[in-house]
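Line order of the protein sequences matches chains A and B. Mapping of the first sequence onto numbering that gives the first Met the number 0: residues 0 to 588, in sequence order. Mapping of the second sequence onto numbering that gives the first Met the number 0: residues 0 to 219, in sequence order. Yeah, the Cβ is synthetic: ideal placement off N, Cα and C, and Gly gets one too. Reading through the structure tokens given below for one structure.
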Amino acid sequence: MTQRLKEVDVVIIGVGMVGSIVAKELAAAGHTVVGLERGQARYTAPDFQGPAIHDELRFDIRKALMQDNTREPVTFRNHGSERALPVRRWESFLPGTGLGGSMVHWNGQTYRYQANDFELATRTRQRYGKDFLDADVTIQDWGVTYDELEPHFDRFEYLLGTSGKAGNIKGTIQPGGDPHESPRSREYPTPPMKEHFQGAMFRKAATGLGYHPFPQPSSNLSQPYTNPEGVKLNACVFCGFCERYACEHYAKAVPQTIILPVLLANPNFQLRTGCQVQRINLDSTKKKATGVTYIDAAGREFEQPASLVITASFSLNNVRMLLLSGIGKPYDPNTGKGVVGRNYAYQTMSSVSSFFDEDVIINPFMASGASGTLINDFAGDNFDHSGLGFIGGAYIGAVNTNGRPIQYHPVPPGTPPWGKAWKQAVVKHYNHTVQFSCHGSSIAQRQNYLDLDPTYRDAWGQPLLRMTFDFPQNDLKMAAYVTAKAVEIGKAMGAKQVVGSPRKGPYTTQQYQTTHNTGGTVMGNDPSTSVVNRHLQSWDVPNVFVIGCSNYPQNASWNPTGTLGALTYWAVDALKNTYLKSPGRLVSA
Amino acid sequence: MSVSRLLAGCLLWGCIPLLMAAKQAEKPAPAVAVKLCQSCHGAHGEGTPAAGIPRLAGQSADYLDKQLRDYAGGSRENPIMHQWAIQLKDAQRTEVAAYYASLASPYAVAPAAAASDAATTGLLARGHQLAHQGDETRRVQACDNCHGPDGNGAPRTAPYIAGQSAQYLAASLKAWKEGTRKNDDGQQMRSVVDRLNDADIGAVAAYFASFAASPNSGSQ
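In structure tokens form, the structure reads like this:
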């Protein structure tokens, strides 16, 4: 028996980073807002406190903060000809659950995509010709430009207190920053993190090779900071338990440390946890949403009517929510028609291990989630791709986020995977190895997509999301090229042995790569190739907004959170200043 | 129980360092410690708790060394300590720090003192909360995160606070708050103490002082 609740102005599905920001803005503007979070409420104290929060077995291996895949996995296959199977153990990517969402367990690496990325299709054709790419590559422009997003990037970084060094302020290159970045309006809110020894080694070698090293922008803060919402954050203590963990120190920018205290104090907002949204309800015209139906932790079903529905869950779940609700035409890879689930992309991650003699002491355990030293010389379109046969690139960096005992033990190739020789090698190399990350872009391709699984269902009886993905040849070529450049840096650092591991196919869900799943509810200016318009409003149901990395038409060379923050404020701007004053289509279809 | 079985048990339970500590005679105090430190901090580094003079025995050597430098340099203000610290040459300072770090606590392990009245019970309960859970309403994290489980220290940088003088702990927390102590690089202590009121400071000091010092607190 479904209980119908009192109508509110806005219902938000998912109270993570996006949901918290949107809810705060709309509640402050006087609208009644209900936030539905499927996971539990949780706060820095007492939920994230030590020593329990440093339990590597619980959080790293058993993935305590992640979406419960005994109840709600995704299914996966590499190719459309295969039968997908449920991912019973998260490894490749780690969608979070609970108040604060996946941001609670992030590393705090906070980038802006470059101007080029937002107009990728146009600029690629302009620079390399229209036939440069394979016919099945489906990259496209975002429908929004970097210049339009810049104030929103700025606002997001100041919300988080991001620690970094500007490389380009209003067109003037700044020493010590990233000269390749698109112009920013002002310096980062806090200075960069302290540089690790391996970062200093990387900086010296990269500079010697003519590259442009800069400190990784970090939302684990270098110093105490009070954000524009009046919320205070502390400085990071380099504990080495960042990604996959929550921060006990109020030092990592997550909803609990940047905005939830303000949101939860607003009586216009109501948080409901343990609420699994089943679908967005539509009226008989299928052009208007009437609210959502959810099941609470006690198994009771509720209908929450609302004038506006915003889905702000993890990117994969945004896609699933639209498919379950019948909003937008599902993508069909055979015809190339349809939009929901189209242009699923990921991140193409490679790595390099540089093994040193025992007199080079790295201390990998003294780490924060984002205190590396990087170059962007081979990221995005910062280098000439003519004749290379691919687009995109990767940042290369000495990015060491931890030296945790269960998961971190670099050993050279040829070391036995267990036993005495393995243990000896771990002891020998643990403190004398530098790891580089080559954090690569991911193009969209016709055969990579998301849809509903025809076989497997979740604990509530709803079809699971099915992922069909393998690495495009473009990205494997890119990974080989950039990893070779990174190996040269390792050699220039004087390592005894440098081992490059360029990403190779097929894609597997059984090895950790990143949680940067993108696409499926792509934004754009053409309803035949996008799910939402440039303001993140559904083309089909204008009182539904979809905000997440699912909006990315393809993925760029950087971690996606900074750009998602900018898109969130961009959408908030349209919601507050235009849509809610006069509800209707913000862009005519 | 035979010696070999006792030894096997110790191996299993990792108490070899304790046995070794018990067998070893206490190092003789360096001359500079005899001259400058002992009259206040005691012949065995046990401190003078009632006078707010901290226990040094078993404290992290790096921590003690840094405090002496900071007393001399002024980032930790204390007129008495300043006048001694400026007299120490680098090698003497390191020697003194290493000496006090090497001392086992003179105290036996005992349960925390039972509260005798409701006010003390409330005080210790609040201290317990701040020590182990933190307080979201004040947005402060638990002391344990840095100072180790039960405040036993996390060398090299974070000192033990369990079993330390309540007067010393309260005075030190107030010094962070008032800005006379500012030798925390990332402002970790200043950020925390800024959000504690006087009652919280009293509670957390009383709570940690109620611990009998563990023999291995702070040792490394």
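Check, Outcome
"Near-chain A residues of the region 27 to 43 of chain B - C-beta to any C-beta below 9 Å", "none"
"Partners in chain B for residue 215 of chain A, counting only beta-carbon separations shorter than 7 Å", "In chain order: nothing, as chain B lies at least about 18 Å away."
"Sheet register partners of residue 302 of chain A (DSSP bridge)", "A:3, A:292"
"Cβ-based burial, residue 26 of chain B [other Cβ within 10 Å; buried from 16]", "exposed"
"Within 8 Å, strictly: CB atoms of residue 421 of chain A and residue 432 of chain A", "no"
"Collapsed DSSP secondary structure at residue 74 of chain A in the structure displayed", "strand"
"Assigned exposure category for residue 65 of chain A - 16 Cβ within 10 Å defines buried", "buried"
"Same chain, Cβ closer than 8 Å to residue 29 of chain B, five either side skipped, listed in chain order", "91, 94, 95, 98"
"Cutoff 7 Å; reference residue 275 of chain A; Cβ partners in own chain excluding five residues on either side", "37, 293, 294, 459"
"Residue 135 of chain B: contacting residues in chain A (beta-carbon distance under 8 Å)", "42, 43, 44, 45"
"Same chain, Cβ closer than 8 Å to residue 657 of chain A, neighbours up to 5 away in sequence not counted", "With chain A covering only 0 through 588, there is no way to say anything about residue 657 of chain A."
"is_contact[residue 495 of chain A, chain B] using C-beta, thresh 8 Å", "no"
"Beta-carbon gap between residue 108 of chain A and residue 397 of chain A smaller than 8 Å", "no"
"Bridge partners - residue 36 of chain A, DSSP secondary structure assignment", "A:272"
"Contact with chain B by residue 249 of chain A, beta-carbon distance below 8 Å", "yes"
"Closest residue to residue 327 of chain A among A:145, A:539, A:395, A:125 (Cα-Cα distance)", "A:539"
"Chain A contact for residue 190 of chain B (CB, 8 Å cutoff)", "yes"
"For residue 233 of chain A and residue 199 of chain A, the rounded distance between their alpha carbons", "25 Å"
"Among A:162, A:506, A:450, A:323, the one whose alpha carbon lies nearest that of residue 188 of chain A", "A:162"
"Cβ-based burial, residue 514 of chain A [other Cβ within 10 Å; buried from 16]", "buried"
"Residue environment, residue 404 of chain A, which counts as buried when at least 16 other CB atoms sit within 10 Å", "exposed"
"C-beta neighbour in chain B for residue 19 of chain A, strict 8 Å", "no"
"For residue 103 of chain A and residue 272 of chain A, the rounded distance between their alpha carbons", "16 Å"
"Where residue 203 of chain B meets chain A, residues with beta-carbon distance less than 7 Å", "Per Cβ cutoff of 7 Å: no residues; residue 203 of chain B is ~14 Å from chain A at best."
"Chain B contact for residue 236 of chain A (CB, 8 Å cutoff)", "yes"
"C-beta atoms of residue 517 of chain A and residue 554 of chain A nearer than 8 Å", "yes"
"Selected residue, minimal CA-CA separation from residue 130 of chain B, among B:101, B:168, B:117", "B:168"
"C-alpha distance - residue 133 of chain A paired with residue 448 of chain A, whole-angstrom precision", "17 Å"
"Three-way DSSP call (helix, strand, coil) for residue 222 of chain A in this model", "coil"
"Contact between the region 438 to 446 of chain A and the region 466 to 477 of chain A (3+ Cβ pairs under 8 Å)", "yes"
"Spatially closest choice to residue 351 of chain A from A:498, A:208, A:207, by CA coordinates", "A:498"
"Buried or exposed by the 16-neighbour rule on C-beta atoms within 10 Å, applied to residue 200 of chain B", "buried"
"Short Cβ contact (8 Å threshold) for residue 385 of chain A with residue 494 of chain A", "no"
"Residue-level contact to chain A via CB, residue 148 of chain B, 8 Å cutoff", "yes"
"Backbone secondary structure at residue 182 of chain B - three-state DSSP", "coil"
"Among A:586, A:536, A:512, nearest to residue 599 of chain A - alpha-carbon criterion", "Because chain A in this structure spans residues 0 to 588, residue 599 of chain A falls outside the shown range and cannot be described."
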